[in-house]
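For reference, the structure discussed in these notes is given below.
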Amino acid sequence: MKTSLHFLIEAKRCEMADLQRLMRTSSLVDRIAGLVHVLQRERGLTNLHLASGGSRGREALAEQRRAADHHAQAIRAAFDALADDAPTLPNGTRLFARVAYALQGLAALERLRQRIDNGEQTPTAATAAYSRLIEGLLGVVFEAADSAADPTISRHLVASFNFSQGKEFAGQERAVGVAAFASGRATSDVQQRLLYLIESQDRCLSVFAEFSSERLRTHWQQAQQHEVMARLERLRRVLLTTPPGQALDPADSQRWFDACTQRLDAMRGIEAELFTELRVRCQDRLDAAAAELGTLVQRLSADCQGTNEPDEDFFAEERSGTQVPAAEVASTDATLAPQVGRSVLELVRTQTQRLQTMSAELDAVRASLNERKLIERAKGLLMAHRHLSEDEAHRMLRETAMNQNKRMVDVAEAVLAMANVLQARSR
Numbered sequence: 016m017k018t019s020l021h022f023l024i025e026a027k028r029c030e031m032a033d034l035q036r037l038m039r040t041s042s043l044v045d046r047i048a049g050l051v052h053v054l055q056r057e058r059g060l061t062n063l064h065l066a067s068g069g070s071r072g073r074e075a076l077a078e079q080r081r082a083a084d085h086h087a088q089a090i091r092a093a094f095d096a097l098a099d100d101a102p103t104l105p106n107g108t109r110l111f112a113r114v115a116y117a118l119q120g121l122a123a124l125e126r127l128r129q130r131i132d133n134g135e136q137t138p139t140a141a142t143a144a145y146s147r148l149i150e151g152l153l154g155v156v157f158e159a160a161d162s163a164a165d166p167t168i169s170r171h172l173v174a175s176f177n178f179s180q181g182k183e184f185a186g187q188e189r190a191v192g193v194a195a196f197a198s199g200r201a202t203s204d205v206q207q208r209l210l211y212l213i214e215s216q217d218r219c220l221s222v223f224a225e226f227s228s229e230r231l232r233t234h235w236q237q238a239q240q241h242e243v244m245a246r247l248e249r250l251r252r253v254l255l256t257t258p259p260g261q262a263l264d265p266a267d268s269q270r271w272f273d274a275c276t277q278r279l280d281a282m283r284g285i286e287a288e289l290f291t292e293l294r295v296r297c298q299d300r301l302d303a304a305a306a307e308l309g310t311l312v313q314r315l316s317a318d319c320q321g322t323n324e325p326d327e328d329f330f331a332e333e334r335s336g337t338q339v340p341a342a343e344v345a346s347t348d349a350t351l352a353p354q355v356g357r358s359v360l361e362l363v364r365t366q367t368q369r370l371q372t373m374s375a376e377l378d379a380v381r382a383s384l385n386e387r388k389l390i391e392r393a394k395g396l397l398m399a400h401r402h403l404s405e406d407e408a409h410r411m412l413r414e415t416a417m418n419q420n421k422r423m424v425d426v427a428e429a430v431l432a433m434a435n436v437l438q439a440r441s442r
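In this note's numbering, the protein residues as written are 16 to 442.
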């Protein structure tokens, strides 16, 4: 008959399997980030080409499409490999639904390009189409961020997702701005959209700064080149302060595209560092878990040979000397060591305390992801029933939160609580 020690060993093996799966998932999301980066550039070049009447960006756009196709092929292969983990994925239902949606978008990409080449797409429509595809790909990253069982790794995934989302808002800003400059005309719709995108970037990057390591925060600060940001801010002011209907200099479209691209390329460098650091942390936890497993197996072997002292009474009060120090329990890198010389009951108590602490920390970390889900659902409800654009729905939530001195997520919850009323009125 199996003992408690047998099940401690199985628990450690499950932990290692989770970490190995997360290692594979982190490689997948890094590849997705690479595909998103080239699609973001394709979107910007598409708008430059369309808004200039075909006079700018044709050759660069063709080259960018080839690069995107190469990345997309690698992503499809990675999705195929992901299916091998299907039986063990804790959030497989949501994750594979996201993958299916992303694959639909990739399959439709060539038809979108044909409509663009035939002059059947406006810059606004093209931006929306590419953004929908990128949103589908980032949805896979979001589910990966919501699947980690280790608080340290979960924090890192939350930082990675928010940085990638902030980068996508920066990519949309590039596409919207380049179309405005290339068209030679300022509009109030574009100005409102840009304000929304700039605010959204700041919000995502603030969450990234909260959850990322000090090293990566420093690297991000260093990556924001003063000269590039100064040029970008000057062009932002031109776009945002030119009265609607008045002329913009079409030549600024290339300057805007180049400045935004330099910033986005720097962001891609930080993004790659994020995923490299994630894999290192996973490997460190995996190595520690393997060492713990080896010690437990040795302990089981010793028990089988009758060398172990009887365990203490399960119903006896815990002695002060057997309590696990709070700092050890709170640390996500705390191990079960030293295993030798401690009773199995002590090991079980240590593991139980550690899992309880990890669960509390995970709840705190995932609150950021849950808030995002609520806000996005509330925006979708307002867009459907009030016929608002995404930025208008976001602005309504934000202004309501400011006027009522509430958090935006609290306003979102109130909107969702009114869902039945809104649906009834729409009938």
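Beta carbons are placed, not taken as given, at the ideal position from N, Cα and C, and that holds for glycine. The structure presented is a predicted model; accordingly, all values stated were derived computationally and were not measured.
query                                                                                             : result
Reference M433; option with closest CA among N420, M417 and R401                                  : R401
Integer Cβ distance of P265 from A197, believed to fall under 8 Å                                 : 6 Å
Runs of alpha helix (DSSP H) wholly within the stretch 407-434 (minimum 4 residues, chain order)  : 423-432
CB-CB length for R109 against E158, believed under 8 Å                                            : 5 Å
Three-state secondary structure assigned by DSSP to R401                                          : coil
Every unbroken beta strand (DSSP E) inside the stretch 117-199 [3 residues or more]               : none
Through-space distance from R28 to A144, alpha-carbon basis                                       : 44 Å
Inter-residue CB distance, N62 and A194 (contact presumed, cutoff 8 Å)                            : 4 Å
Cβ-Cβ distance between I390 and A427 below 8 Å                                                    : yes
Close Cβ partners of A262 (< 7 Å) along its chain, the five nearest in sequence each way excluded : G199 and R200
Alpha carbon of F184 to alpha carbon of D84, nearest angstrom                                     : 22 Å
Selected residue, minimal CA-CA separation from L97, among R130, M38 and K388                     : M38
Proximity of G192 and L254 at Cβ, strictly below 8 Å                                              : yes
A201, DSSP secondary structure in three states                                                    : coil
A266 in three-state terms, based on DSSP                                                          : coil
Nearest-angstrom beta carbon gap, F178 and L54 [assumed within contact, 8 Å]                      : At roughly 17 Å, the Cβ-Cβ gap does not stay under 8 Å, so L54 and F178 are not in contact.
Status (buried if at least 16 other CB within 10 Å, exposed otherwise) for R12                    : Outside the displayed span of the chain (16 to 442) sits residue 12, for which this structure offers no information.
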